[in-house]
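Below is one structure; the comments refer to it alone.
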Amino acid sequence: MNDDGFSANKLFNQGYSYTYDDVIFLPGYIDFPTDDVTLNTNLTRNIPLSIPCVSSPMDTVTETSMSVVMAALGGIGIVHYNNTVSQQSSIIRNAKSHRIPYVSDLLFVSPNDSIHSSNEFGNSHCIFVTESGKNELNVLGFVSKSNWEKLSDKEARVCDYMNNSPVMLPSSYNFEDVAGYIASKNLEFVALVNEKDGDDENEGRVVNLVTSDDLEWIKSLPKLGLPSIGKDGKFLVGAAIGTRESDKERLEHLVKEGIDGLVIDSSQGNSEYQINMIKHVKSNYPNLDVIGGNVVTKYQAENLIKQGVDGLRVGMGSGSICTTQEVCAVGRGQATAVYKVSSIAAQHGVPVIADGGISNSGHIVKALSLGASTVMMGSFLAGSNEAPGTYVYQNGLRVKKYRGMGSLEAMTKGSDARYLGDTAKLKIAQGVVGSVADKGSVLKFVPYTMQAVKQGFQDLGASSLPSAHELLRSGTLRLEVRTGAAQVEGGVHGLVDYEKKYF
């Protein structure tokens, strides 16, 4: 009999609410190398992923770029709905038009415009020229940054020195197709355009600009598993909606754009409003997988499982920018919530998404080992190149804005429905606005994070998520609660100065 530590069943039934940092796993038996660990999983009953990573539907986390790179890595992005229907639809359409894990900034000017500063190029190698100065079907030409820099008269009109229309390729070309074409033609860059597909008004529009330098950078990145590709041959992209009547109309547009999964977004998912929305989705779009939540108790989970949800989102007040537990005195420690909900969800074959509280690879290991099938990340991905927004400098540090959807700033744009407060005259903040440091590209740090997760699984003696869940349910996986001193000891300590690099 193993008397080291406790089984999860015993530990989480003592009346305490534990966070990830409160608990620690005891090591298991290793009989396989790290390379044998697989992280294949399911987002929902019917949506498989190569890695257990989901980007959160927040307006400072997931739009086109994040959706593209998450799918390219084998995860998935969930597009937020703190915008108009047309804006959300456009984000999804753009994301699904890409097949390369890179989204460039597309810039346009009209023939009569002048380019006065190199800053107008931003991070792009060229600016496209169209009649209106906006992204339209007929591209008249382009101005490369290198040619502009050689120009003596910076006040000259673009039409006087622009190049002819750039080489264009279909957006369905994957990385190998584009790389091969650029190499064979010795090109500096190509533009990717939407292909003809029905009566789409966006047919023929430029959706991406790919340079030879971009391709070399992508080649240098660490590789993960297979990208997340749907039955339509395009990247998997999810979307979030609320529970208002107007969200039914929004959903109709999102389905037309080809969303692969739907998140019904609420801080407290056990409500009449969410149940009615689940019924609406299931009756009108039976082939669309629905993720319900958020929930933190078995009781909440059972109510949504009865309605036929295909996945459950777990977490209430555990995010770094969420103040629900402080303001409303309602919620649960995330480690306890994930274990409790997953224990009932597993009986019905419903995958669990651990949403919130992820700050490092160790938290991901804990979430998955406590029964989750995926982790949803907000702050962990915010501040990356692919997160919406522009970088600014604060006290010499390069940062991006990151805000909770329960903050007053976000609710002003419409996210108050998530907190069931869209009809209230007084808005109560359940989140804050802050900033996070520049993290670089998701394409770089997520693969390293997944390698760290694999090493954590190896230490546990689990070669896959199903094997980790089996160790959990059988009681083989042992845990202990860490004291405050133990948590200090488990981190960096006793140094005057140090540099912390994870890869």
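Adding 17 to a residue's 1-based position in the sequence shown gives its number in my numbering.
In this text, a Cβ means the ideal position worked out from N, Cα and C, and glycines have one as well.
These figures come from a predicted structure and were not determined experimentally.
Contact annotation: Ala384 and Ala371 have beta-carbon atoms nearer than 7 Å. Only buried fits Phe252, as 16 or more other CB atoms lie within 10 angstroms of its CB. Beta-bridge pairing by DSSP links Gly94 to Ser72.
For Glu212, the closest C-alpha among the options Val195, Phe206 and Pro187 is that of Pro187.
By DSSP's assignment, Tyr410 forms a beta bridge with Arg415. Selection Ser401, Thr407 and Val498 evaluated against Ser72 yields Ser401 as nearest (Cα-Cα).
Residue state for Pro464 is assigned as helix, using DSSP reduced to three classes.
With three or more CB-CB distances shorter than 8 Å, the stretch 97 to 104 counts as touching the stretch 64 to 83.
Taking all protein chains shown into account, Pro483 has fewer than 16 neighbouring C-beta atoms within 10 Å of its C-beta and is therefore exposed.
Straight-line measurement puts the Cα of Lys202 at about 53 Å from the Cα of Glu487. Ala256 and Leu279 do touch by the CB rule: their CB atoms are close to 6 Å apart, below 8 Å. As DSSP reads the structure, Cys143 sits in a beta bridge with Ser161.
Here the C-alpha atom of Ser284 lies approximately 14 Å from the C-alpha atom of Met393. By the C-beta density criterion, Asp177 is exposed, having fewer than 16 other C-beta atoms within 10 angstroms. Listed in chain order, the non-local C-beta contacts of Ser161 below 6 Å within the same chain comprise Cys143, local neighbours out to five positions each way being set aside.
Taking Ser386 as reference, the option from Gly473, Asp53, Pro128 and Leu241 with the minimal CA-CA separation is Gly473. Beta bridge pairing from DSSP links Ala208 with Met185 and Leu226. With respect to Gly158, Asn180 sits close: the two C-beta atoms are nearer than 7 Å.
Membership of Leu43 in any alpha helix (DSSP H) is not indicated, and neither H nor E is assigned to it by DSSP. Phe29 carries a coil assignment under DSSP once its states are collapsed to helix, strand and coil.
Counting only residues of its own chain and dropping the five nearest sequence neighbours on each side, His365 has a CB closer than 7 Å to the CB of Ile322. When secondary structure is reduced to three states using DSSP, Asn136 falls in the helix class. Between Asp306 and Asn63, the gap from beta carbon to beta carbon is short of 7 Å. Counting only residues of its own chain and dropping the five nearest sequence neighbours on each side, Glu319 has a CB closer than 7 Å to the CB of Ile361. Taking a C-beta distance under 7 Å as the contact criterion, Val272 and Tyr316 do not qualify as a contact pair. If you check the CB distance, Thr353 and Tyr35 come in under 7 Å. Secondary structure note for Leu387: it is in no beta strand (DSSP E), with a DSSP letter that is neither H nor E. A residue is called buried when at least 16 other Cβ atoms come within 10 angstroms of its Cβ; Leu241 meets this threshold and is buried.
Beta-bridge annotation (DSSP): Ile381 is not paired with any residue.
Between the alpha carbons of Glu137 and His380 lies a distance of about 41 Å. The beta carbon of Ser103 sits closer than 7 Å to none of the beta carbons in its chain outside the five residues before and after it.
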